[in-house]
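Novice: Numbering (our numbering), first residue to last: 16 to 331.
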Amino acid sequence: MQHTTLLPAARTKILGRWGLLKDIRKNPWLYIMLTPVLLYFTVFNYYPMYGALIAFKDFSPRLGIMGSPWVGWEHFESFFQGIYFWRVIKNTLLISFYELVFGFPAPLILALLLNEVRKTVFKRTVQTLTYMPHFISLVVVCGIIKEFTMSDGIINDLLSFFGWERVSLLLESEYFRTIFISSGIWQNIGWGTIIYLAALSGIDQEQYEAARMDGASRWKQMHHVTLPGILPTIIILFILEMGRIMNVGGEKIILLYNPSIYDTADVISSYVYRMGLQEFDYSFGSAVGLFNSAINFTLVICSNWLSRKMNNTSLW
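This is how it looks when you write it as structure tokens:
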């Protein structure tokens, strides 16, 4: 019985390898073009995973990764029991939640609005103006935000015109999340519409004609034709967004925050930066980063499974 179960499996494995070799011989240039991509991900994505071992060691650059002594789960326990654990978790989840609520639908709403515009010149102008901030360096964007939110910046000029007191907004913790989310929407809303507009262009126009013949208004056409037509795209992008829910833009936060607003601005990414690079506690920072990656991986798996069960749409 054991041989009868092993032989078909071995045969399938051999046939699979032969089929791959046959496909390589049939399409050699496709695999040659694929080689640089595979090399890139191998060198920059998979090979560095070897360094995750330092999360379980008391890493010393002098001893190296393999020479450093094992400490097991010590760094994870230190993080979970640390005084900053709940603060960074709360800030990360809150900012991610606000990005999902306000940032994720923004490109979709803009794409739906642009899809209803019939003036080509106006449509192209709006697209160009909303795309442009995405290509500005993040360092420059953060510099602009700092200038605008200073006590004598343009935002305070507008607020003081309506009777508000001048205040440096990036020194007040209660304003940080609003500044972070709104500036992120401004920078990425146009770029995010590209995928949605491409999906909208693939909807069969006969469906709109049939809806108009049935007396459907523009709003009902959007509700019954447009949204169902791009629903798979929305679901796929949402699953990808769930995989980044714990990876709040650490670079942007590091460029914007300061010790006076740590209570609302400090997230896992910035905490890893401070502990791992500024305080040279490489093992502890690696442990926190590994914990963060594990949570993101779990969220992707769960959201993909849930989407496949509910809508038969998933990444795999």
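Here a beta-carbon is modelled for each residue, glycine too, at the ideal position from N, C-alpha and C.
Helix, strand or coil: which one does DSSP assign to Lys134?
Specialist: Residue state, collapsed to three classes: coil.
Novice: Taking just the CA atoms, how far does Ile250 sit from Asp73?
Specialist: Distance between the alpha carbons of Asp73 and Ile250 is about 42 Å.
Novice: Excluding the 5 residues preceding and the 5 following Thr328 in the sequence, name in chain order all residues of the same chain whose CB lies nearer than 8 Å to its CB.
Specialist: Excluding positions up to five away in sequence, the list reads Leu246, Pro247, Ile250, Ile251, Ser322.
Novice: Across which residues does DSSP place Trp85 in a beta bridge pair?
Specialist: Answer by DSSP bridge pairing, in chain order: Lys72.
Novice: Name the residue from His149, Glu92, Leu68 whose alpha carbon lies nearest to the alpha carbon of Pro84.
Specialist: Looking at the Cα atoms, Leu68 is the closest of the given residues.
Novice: Using a Cβ-Cβ cut-off of 7 Å (strictly less than) and excluding sequence neighbours within five positions of Ser11, which residues of its own chain qualify?
Specialist: For the chain, the structure presents residues 16 to 331; residue 11 sits outside this window and is missing.
Novice: Among the candidates Lys235, Ser232, Leu242, whose CA atom is the shortest distance from the CA of Leu212?
Specialist: Checking every option, the nearest Cα to that of Leu212 belongs to Leu242.
Novice: Taking only runs of the alpha helix (DSSP H) that begin and end inside the stretch 171-259, which ones reach a length of at least 4 residues, in chain order?
Specialist: With a minimum length of 4 residues, the continuous alpha helix (DSSP H) runs that stay inside the stretch 171-259 are 188-216, 220-228, 233-236, 242-257.
Novice: Taking buried to mean at least 16 other C-beta atoms within 10 Å of its own C-beta, is Leu30 buried or exposed?
Specialist: With a pLDDT of 47 at Leu30, under the threshold of 50, the modelled position of this residue cannot be trusted; read the value that follows with caution. It counts as exposed.
Novice: Using a 10 Å radius around the Cβ and a threshold of 16 neighbouring Cβ atoms, would you call Asn326 buried or exposed?
Specialist: Classification for Asn326: exposed.
Novice: Tell me whether Pro122 is buried or exposed, calling it buried when 16 or more other Cβ atoms sit within 10 Å of its Cβ.
Specialist: By the neighbour-count rule (16 or more Cβ atoms within 10 Å), Pro122 is buried.
Novice: Use the C-beta contact count for Leu305: other C-beta atoms within 10 angstroms, 16 or more gives buried, fewer gives exposed.
Specialist: By the neighbour-count rule (16 or more Cβ atoms within 10 Å), Leu305 is buried.
Novice: What are the complete alpha helix (DSSP H) segments, minimum 4 residues, inside the stretch 98-167?
Specialist: 100-113, 120-131, 135-146, 153-164, all fully within the stretch 98-167.
Novice: Of all the options Trp88, Ile80, Leu215, Val282, which has the alpha carbon lying nearest to the alpha carbon of Phe191?
Specialist: That would be Val282, whose Cα lies nearest to the Cα of Phe191.
Novice: On the CB-based measure, 16 or more other CB atoms within 10 Å of its CB, does Ile124 come out buried or exposed?
Specialist: Ile124 should be labelled exposed.
Novice: With DSSP collapsed to three states, give me the class of Ser322.
Specialist: Helix at Ser322.
Novice: Please list, in chain order, all residues of the same chain as Gly3 whose beta carbon is under 8 Å from its beta carbon, the five residues on each side excluded.
Specialist: As displayed, the chain neither begins before 16 nor continues past 331, which places residue 3 out of reach and without an answer.
Novice: Do you know how far the Cα of Ser75 is from the Cα of Tyr61?
Specialist: Tyr61 and Ser75: Cα-Cα distance of roughly 22 Å.
Novice: For Ile268 and Val132, I'd like the C-alpha separation in whole angstroms.
Specialist: Roughly 36 Å separates the two Cα atoms.
Novice: For Arg40, does the three-state DSSP call read helix, strand or coil?
Specialist: If DSSP states are grouped into helix, strand and coil, Arg40 belongs with the helices.
Novice: Given a cut-off of 8 Å, decide if Asn106 and Thr279 are closer than it, judged by their beta-carbon atoms.
Specialist: Yes. Within cutoff.
Novice: Taking its Cβ as the centre, do 16 or more other Cβ atoms sit within 10 Å of Ile110, making it buried, or is it exposed?
Specialist: Classification for Ile110: buried.
Novice: Alpha carbons only, please: which of Thr143, Gly291, Asn262 is nearest the one belonging to Ile104?
Specialist: Taking only the C-alpha atoms, the option nearest Ile104 is Asn262.
Novice: With 16 other CB atoms within 10 Å as the buried threshold, where does Ile276 fall?
Specialist: Buried, since its Cβ has 16 or more Cβ neighbours within 10 Å.
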